[in-house]
Each structure stands twice: as C-alpha cells, then as structure tokens.
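A short write-up of the structure that comes next.
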Amino acid sequence: MNEHLKAFIESLQEGSRKRSPLTLESYERDLSQLFRYLAGEGVERVQDVQKHHLSLYFHRLKGQGRSAATIARQMVSVRAFFQRMLAEGGVTENPALHLEPPKPDKRMPDALGLEDVERLLAAPDASAPAGMRDCAMLELLYATGMRVSELVSMELEHVQLPLGFIRCIDAKAKERIIPLGGAASDALKSYMAEARPQLAKHGGEALFVNRQGNPMTRQGFWKIIKKYAREAGIGAELAPHSLRRAFASHMLQNGADLHSVQELMGHADLQATQKYVQQTKSRIKDVYQSAHPRAKRP
562 MNEHLKAFIE SLQEGSRKRS PLTLESYERD LSQLFRYLAG EGVERVQDVQ
612 KHHLSLYFHR LKGQGRSAAT IARQMVSVRA FFQRMLAEGG VTENPALHLE
662 PPKPDKRMPD ALGLEDVERL LAAPDASAPA GMRDCAMLEL LYATGMRVSE
712 LVSMELEHVQ LPLGFIRCID AKAKERIIPL GGAASDALKS YMAEARPQLA
762 KHGGEALFVN RQGNPMTRQG FWKIIKKYAR EAGIGAELAP HSLRRAFASH
812 MLQNGADLHS VQELMGHADL QATQKYVQQT KSRIKDVYQS AHPRAKRP
C-alpha cells in the first residue's frame with residue numbers, strides 16, 4: 562500500500578490547492594498508521610479494504626483514548642485517500658464514504674488554526690456541482706474575510722476575475738474592493754464555469770444558489786459549514802464568522818498591518834479590528850507558555 566500512499570501525497574502537492582507541509586505530514590501519518598493496522602489484520606491490498614475494516618480500526622482508536630477530533634481528522638484523511646483511489650480506478654467504491662464521524666469534543670469557538678482551516682476547505686467533493694459551489698464559498702470566505710451575509714448576497718457583477726478582485730457590499734450598502742488569492746480565484750472560476758450553470762435553474766443574478774436554483778441563504782450556508790466542520794473534526798461550537806476571524810488572525814500573525822486588515826474586513830472602527838491583535842497575542846503567549854522549557858515557574 563505504500564506506493565499508493567506515496568502517489569496520493571504527491572498528488573496533494575500539485576495544482577492551485579496544494580496542501581501545506583504540515584497537512585501533508587498529517588495525511589501521511591494518519592494513513593501510515595492505518596496501513597500498519599491493516600497489514601497486521603492480513604489486509605495487504607488497497608482493493609481488499611472494506612468498511613468493516615475501517616470501522617474496527619476507528620473503534621480501536623476510540624478504545625485507546627483518542628479524542629473525537631483526532632478520530633474525525635483521521636477519517637477525513639482516509640476518506641480523501643480512497644476518493645482519490647476511486648477517481649483513478651484503483652478501487653470500485655470508497656469504503657470510508659459513509660463512516661459516521663464521532664461527536665466532536667467541546668472546544669472554544671473560533672479557535673481555527675491553519676490546519677483546521679485547510680481541512681475544512683478540503684472537505685467538499687469538488688467533483689460534484691454542489692461540492693464545487695461549497696468549495697468556492699469556503700475558499701472565498703477565508704480568502705476575503707467577508708461576512709457570511711455579504712457572501713450570500715453577492716451577484717455575478719460583483720466578480721472581476723480577470724482583474725483579480727471582487728466587490729463586496731455590506732448591510733449599509735457600502736462597497737469595498739477585495740483582492741482574490743489564487744486558490745479562491747481558481748475555485749470561483751471553476752464554480753462559475755461548470756457548476757453554477759447546472760444549479761441556477763431559474764436564471765437570476767445571485768452568484769451562489771442552492772440545489773433548487775434559488776439564492777443561497779445565510780441559514781442554508783451555515784448548515785453546509787456545520788456539515789463540513791463535523792467531517793473535518795472541528796468542534797461543534799464553530800460559528801458562521803469563524804473563517805472571518807481566522808482570516809484576520811492569520812493575516813496579523815503573518816505581518817499584515819492593522820489598517821489594511823481593517824479595510825479588508827470593512828470595519829468602520831479600528832477598535833473592532835484591534836481585538837484580533839489581542840487574540841493573536843494571547844495565542845502567541847499560550848504557545849510560548851506550553852513550548853518553552855523555562856517558561857513555567859518551578
């Protein structure tokens with residue numbers, strides 16, 4: 562199975578949605594652990610893996626005291642691996658497709674690290690129209706820091722892909738221009754070219770539509786976020802604005818200045834943006850306290 566694992570990891574390093582080194586290590590670790598278990602059970606070929614093998618494996622992890630989030634994360638890795646094998650004809654079905662993730666452990670809301678974000682963004686099945694839409698919406702939300710209400714109210718004319726930006730209209734009809742990164746731009750381009758024509762049965766100008774062809778609602782998209790959060794092993798207290806907060810925190814952690822983040826997020830008051838600075842400082846302090854060998858008093 563190791564050759565399949567190697568090919569899978571290599572495939573995740575290609576294209577515009579390539580994963581970070583940290584995420585790749587996580588996938589490789591999760592799958593290597595599974596393959597060692599399967600070999601011990603006499604399952605040597607990927608084609609021979611059945612759903613009951615995986616169910617027993619994850620039940621074993623639970624018995625070892627692994628957290629629900631860890632088990633759910635490993636399910637995401639395994640599901641993604643077999644989905645790739647299915648697409649390439651290596652297996653005839655994905656044995657991990659209908660595995661039920663465990664109930665997530667309670668976590669502090671909005672504590673989305675980069676790996677959590679990447680797993681959430683990787684959760685949709687981008688080979689299906691609805692999954693392609695969900696992928697574009699999640700990528701756009703994280704890439705721009707816009708509010709969910711602003712996202713679902715976007716219209717076709719607000720997208721300027723050739724120029725690399727979008728127009729965002731807030732609740733007070735105030736407009737701001739937000740640049741688009743490569744991953745979000747590619748996901749949006751694919752959705753508009755391939756998926757939206759199939760979903761938008763009634764025409765109209767709404768950029769994002771639901772399965773009935775009507776404009777996506779805030780409540781409808783929130784259900785979508787919760788579904789993918791469960792699949793990605795992210796805590797149940799995830800909020801609709803978690804990706805917006807992750808956008809701000811990650812921008813500040815990587816050196817963005819406060820005024821630029823304020824403008825991108827559409828904050829009228831700088832104090833609204835400054836709370837993310839405090840959140841970032843608190844996170845850095847926690848990391849220092851837990852990681853530095855002499856940070857704790859004897």
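Residue numbers (this note's numbering): 562 to 859.
All residues carry an ideal CB built from backbone N, CA and C; glycine is no exception.
Just so you know, these numbers come straight off a predicted model, no measurement behind them.
The DSSP-derived three-state label of Glu824 is helix.
In the structure shown, Glu589 falls within a helical segment according to DSSP collapsed to helix, strand and coil.
In terms of CA proximity to Met715, Ala734 leads the group Ala790, Ala734, Leu724.
By the 16-neighbour rule on beta-carbons within 10 angstroms, Ala689 is exposed.
By the 16-neighbour rule on beta-carbons within 10 angstroms, Arg597 is exposed. The stretch 582–591 and the stretch 562–573 touch, with three or more beta-carbon pairs separated by less than 8 Å. Leu583 sits exposed, since fewer than 16 C-beta atoms from the chains shown fall within 10 Å of its C-beta. Distance from the Cα of Tyr703 is smallest, within the candidate group Ala691, Ala748, Glu654, Asp686, for Ala748. Its Cα nearest to that of Leu768, the residue Asp695 stands out among Ala817, Val604, Asp695, Thr631. Each of Gln773, Arg779, Val639, Leu701 was checked against the Cα of Ala745, and the nearest Cα belongs to Leu701. Its Cα nearest to that of Ile727, the residue Leu825 stands out among Leu804, Arg757, Leu825. Ala756 has its alpha-carbon roughly 38 Å from the corresponding atom of Glu605. Proximity to Glu711 across Ala697, Glu718, Ile730 peaks at Ile730, based on C-alpha coordinates. For Arg757, the uninterrupted alpha helix (DSSP H) run begins and ends at 757–760, by DSSP.
Taking 8 Å as the cut-off, the beta carbon of Leu681 is found closer than this to the beta carbon of Tyr789. Each of Ala754, Val720, Leu760, Ala761 was checked against the Cα of Leu741, and the nearest Cα belongs to Val720. Looking at the DSSP output, Glu716 bridges to Ala767.
In this model, Glu602 and Asp609 are separated by some 12 Å (Cα to Cα). Its chain contains Leu599, Glu602, Val604, Pro656 as the residues whose beta carbon lies nearer than 8 Å to that of His614, once the 5 sequence neighbours on both sides are disregarded; these appear in chain order.
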